[in-house]
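K.L.:
Residue numbers (the working numbering): 350 to 438. All C-beta atoms, glycine included, are put in the ideal place defined by N, C-alpha and C.
Here it is, written out as structure tokens:
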């Protein structure tokens, strides 16, 4: 299926041979740093859980709530580890 041109310029003859790289054409004013990425991951993992924590402990009890919190923490850590390690491949 041929690509539609979005400009009036004629296509280059070798345009279909080029490999598209989204990072080469990307212009970001304020790119995210490693510390910013870690902060976003922590906010996503911890932020919503903090709001539900009092209700969860009220329904589960102190011992079951504490054990459940540790288990869910390990599951979240494992999921984040899978996401980060998959970026290298």
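Out of curiosity, what's the CA-to-CA distance linking residue 383 and residue 430?
P.N.:
15 Å
K.L.:
For the alpha helix (DSSP H) that contains residue 394, what are its first and last residues?
P.N.:
Its alpha helix (DSSP H) spans residues 383-409.
K.L.:
Just how far apart, CA to CA, sit residue 408 and residue 402?
P.N.:
10 Å
K.L.:
Using C-beta distances below 8 Å, list every residue in its chain close to residue 421, excluding the 5 sequence neighbours before and after it, in chain order.
P.N.:
For residue 421, where only same-chain residues beyond five positions count, the Cβ hits under 8 Å are 398.
K.L.:
Compute the Euclidean distance between the alpha carbons of residue 372 and residue 395, then round it to the nearest angstrom.
P.N.:
So the alpha carbons of these two residues sit roughly 30 Å apart.
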